[in-house]
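Mapping the sequence shown onto my numbering, position 450 (from 1) lands on 450, and the numbers just tick up by one. Okay, structure first, notes after.
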Amino acid sequence: MNTHEIINEEKIHQLINEGKATTKEEVLEIIEKARECHGLSLEEAASLLMNEDEEVFNSLLEAARYVKDEIYGKRVVIFAPLYTSNECTNNCLYCGFRVANKHLHRKTLNTDETVKEAKRIVEQGHKRLLLVCGEDQRKTHIDHITAALEAIYKETDIRRINVNAAPMEVEDFKKLKAVGIGTYQIFQETYHRETYKKMHPSGSKSDYDYRLTAIERAFEAGIDDLGIGVLLGLYDYRFDVLATLMHSQYMDEKFHVGPHTISIPRLRPAMDSALKEVPHEVSDKDFKKIVAIYRLTLPYTGIILSTREPAALRDELLNLGVSQVSAGSKTNPGGYGESDEEAAQFETSDERSLGEMLRVICDQGYLPSFCTACYRANRTGEAFMNLAKEAEIHEFCQSNAILTFKEHLLDYGDEETREKGNKLIEKSLKEINNEKLYQLTLERLKEIEEGKRDLFF
Ligand code: SAM
Ligand code: SF4
């Protein structure tokens with residue numbers, strides 16, 4: 001397969017040049033068009049990316065807020081990462097787990113330890129996990145990952161496990177599918193080949209094409225919820241954001257389903273990182289712009305924000321289009337039991353607990369959701385996208401968010417969170433316009449109060 005057909009660097013440079021030439025009036029028209037919630041072309045996204053005008057910036061953010069509200073309402077999905085291993089044979093210059101870091105305390109959890117860790121996460125009140133590990137064929141092979149998924153589903157109250165792991169062969173993806181993976185996430189880090197080569201000097205990750213084509217193999221194996229992204233800071237974000245959108249467009253054309261999620265990791269300091277400074281610093285302002293452009297270009301794609309970002313910025317980004325956030329995260333294996341800074345992948349920035357995070361989300365008028373319904377009702381891939389585009393999903397989602405948040409408050413909420421949460425639930429119920437769904441939601445809420453669990457539409 002010619003991977004230059006997926007990411008055509010020449011075309012990206014051409015888009016950048018044409019984007020620069022777009023006038024302010026034209027860009028403002030593009031933003032107006034984006035408010036119709038049908039997405040934007042690569043050319044239009046490039047014009048937004050290349051514009052530095054302050055008025056354009058403000059209307060871009062305003063439009064992103066509008067589209068986020070139209071498509072997602074006030075919901076924010078909550079998850080936590082679970083690191084099963086920090087052992088890795090790759091040498092990504094920016095990562096604390098890289099093989100050349102001789103100071104890191106290396107650890108791979110066995111299945112029992114992984115379940116223990118998952119239980120600690122459940123005790124905080126989470127229902128969704130992102131399983132993460134380094135790449136070491138002796139330690140984090142496919143059986144390590146599938147055993148973890150099987151055991152967590154069987155022995156804990158976790159209802160959906162997404163996985164962020166090294167690219168693999170179709171046969172191994174099939175195994176992941178068989179044990180009930182949610183989304184398979186893989187970040188290209190940078191789509192710029194020359195930079196990619198410099199950043200990944202050795203190990204299997206140095207093969208750009210094998211990484212790029214992981215999405216094809218996962219899809220071939222039947223995994224149709226796929227997540228992509230770049231590590232912001234490695235190369236010029238304008239190039240990498242456009243390349244991410246190009247990859248997304250390619251997926252949409254080839255598989256009839258674009259990425260389920262886009263993640264927006266921004267480079268953080270890491271122990272023994274070989275990068276003494278961020279090669280292409282992305283300012284907070286540019287970061288907001290990136291989130292807004294993703295939201296306008298791909299209105300139905302989830303945008304995932306981790307605790308790499310500081311609290312105040314995270315709160316602001318909720319408004320601009322982020323639809324999933326992690327909370328209370330640890331990036332070292334076993335970290336929810338005992339914290340070991342010397343075993344972490346990178347420094348997190350938002351250290352707030354899940355409870356604190358939920359209260360902030362409520363204060364902002366957002367509705368935390370622990371929903372895992374779509375995946376369990378087989379609404380994945382194309383089926384999910386079709387529903388999402390018809391906006392029906394929006395109605396179910398609001399109800400499911402209310403139901404799962406109510407469960408959370410009853411089972412894990414402290415007094416303060418319950419008070420804020422219950423008020424928000426009252427308000428959110430009123431936003432359900434479909435009378436039948438409203439009545440059904442009230443009935444299910446009552447059942448939850450009476451002790452039933454895991455009710456969803
Ligand atoms: N090892 C697998 C891989 O590289 O694909 C999967 C998990 S890796 C632990 C998850 C992601 O962490 C990477 O894809 C990278 O984008 C991100 N990451 C690595 N070092 C980072 C750093 N210093 N700051 C922020 N994110 C980082
Ligand atoms: Fe290993 Fe992934 Fe870190 Fe690279 S980013 S060193 S592959 S854990």
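All C-beta atoms in this analysis are idealised placements derived from N, C-alpha and C, irrespective of residue type, glycine included. As the structure is a computational prediction, the values presented were derived from the model and not from experiment.
Inset, instruction - For the region 222-234 and the region 244-259, state whether three or more C-beta atom pairs, one from each stretch, are separated by less than 8 Å. - result: A contact exists between the region 222-234 and the region 244-259.
Inset, instruction - Would you mind stating whether residue 145 and residue 176 have Cβ atoms separated by less than 8 Å? - result: yes
Legend entry - Endpoints, beta strand (DSSP E) assigned at residue 160: Per DSSP, the continuous beta strand (DSSP E) segment holding residue 160 begins and ends at 160-164.
Legend entry - Contiguous alpha helix (DSSP H) assignments of at least 4 residues, all confined to the region 133-184: 142-155 and 170-178
Inset, instruction - Could you check which residue in 339, 343 and 362 has the C-alpha nearest to that of residue 351? - result: 339
Legend entry - Spatial distance of residue 408 from residue 446 (CA atoms): Rounded to whole angstroms, residue 408 to residue 446 spans 14 Å at the Cα level.
Legend entry - Beta bridge counterpart(s) of residue 305 as assigned by DSSP: 325
Inset, instruction - Kindly list the residues whose CB is nearer than 6 Å to the CB of residue 147, restricted to its own chain and excluding five residues on each side of it in sequence; keep chain order. - result: 111
Inset, instruction - Look at residue 324 and residue 261 and say whether their C-beta atoms are less than 8 Å apart. - result: yes
Inset, instruction - Let me know the secondary structure DSSP gives residue 367 once reduced to three states. - result: strand
Inset, instruction - Give me the Cα-Cα distance between residue 34 and residue 151, rounded to the nearest whole angstrom. - result: 44 Å
Inset, instruction - Return the residue from the list 179, 437, 234 and 205 that minimises the CA-CA distance to residue 190. - result: Looking at the Cα atoms, 234 is the closest of the given residues.
Inset, instruction - Only counting runs of 4 or more residues, tell me where the alpha helix (DSSP H) segments fall wholly within the region 43-76, in order along the chain. - result: 54-72
Legend entry - Own chain, CB closer than 8 Å to residue 442, minus 5 neighbours either side, in chain order: Closer than 8 Å at Cβ, skipping near neighbours: 429.
Inset, instruction - Please list, in chain order, all residues of the same chain as residue 149 whose beta carbon is under 8 Å from its beta carbon, the five residues on each side excluded. - result: 131, 161, 163, 176, 179, 180 and 181
Legend entry - residue 23, buried or exposed, once every other Cβ within 10 Å from all chains shown has been counted against 16: By the neighbour-count criterion, in which a residue is buried when 16 or more other Cβ atoms sit within 10 angstroms of its Cβ, residue 23 is exposed.
Legend entry - residue 109 versus residue 286: straight-line alpha-carbon distance, rounded: One C-alpha to the other measures close to 38 Å.
Legend entry - Distance, residue 126 Cα to residue 81 Cα: Near 10 Å, if we compare the C-alpha coordinates of residue 126 and residue 81.
Inset, instruction - For the alpha helix (DSSP H) holding residue 263, just list the boundary residues, first then last. - result: From DSSP, residue 263 is part of no alpha helix (DSSP H) but of the beta strand (DSSP E) over 261-263.
Inset, instruction - With a cut-off of 8 Å on the beta carbons, I'd call residue 271 and residue 101 a contact; round off their distance for me. - result: 6 Å
Inset, instruction - Quick one: using the 10 Å Cβ neighbour count with 16 as the cut-off for buried, is residue 276 buried or exposed? - result: exposed
Inset, instruction - Could you check which residue in 278, 274 and 259 has the C-alpha nearest to that of residue 295? - result: Distances from the alpha-carbon of residue 295 to those of 278, 274 and 259 put 259 closest.
Inset, instruction - Could you tell me if the beta carbon of residue 205 falls within a distance shorter than 7 Å of some heavy atom in ligand 1? - result: yes
Inset, instruction - Give the single residue among 20, 41 and 412 whose Cα lies nearest to the Cα of residue 248. - result: Measuring from the Cα of residue 248, the nearest candidate turns out to be 41.
Inset, instruction - Return yes when at least one heavy atom of ligand 2 lies under 7 Å from the C-beta of residue 166, else no. - result: yes
Inset, instruction - Would you mind reading off the limits of the beta strand (DSSP E) that contains residue 227? - result: 226-229
Legend entry - C-beta atoms of residue 64 and residue 320 nearer than 8 Å: yes
Inset, instruction - Find out if the Cβ-Cβ distance for the pair residue 6, residue 336 is shorter than 8 Å. - result: no
Legend entry - Whole-angstrom C-beta distance between residue 264 and residue 290, which should lie under 8 Å: 7 Å
Inset, instruction - Compute the minimum distance between the beta carbon of residue 342 and the heavy atoms of ligand 2, and state whether it is under 7 Å. - result: The answer is no for residue 342.
Legend entry - Limits of the alpha helix (DSSP H) - the one that residue 342 falls within: Note, residue 342: premise wrong, no alpha helix (DSSP H); not H, not E.
Legend entry - Classification of residue 256 by the beta-carbon crowding that lies within 10 angstroms, buried from 16 upward: exposed
Legend entry - Bridge-paired residues (DSSP) for residue 108: Beta bridge pairing from DSSP links residue 108 with 85.
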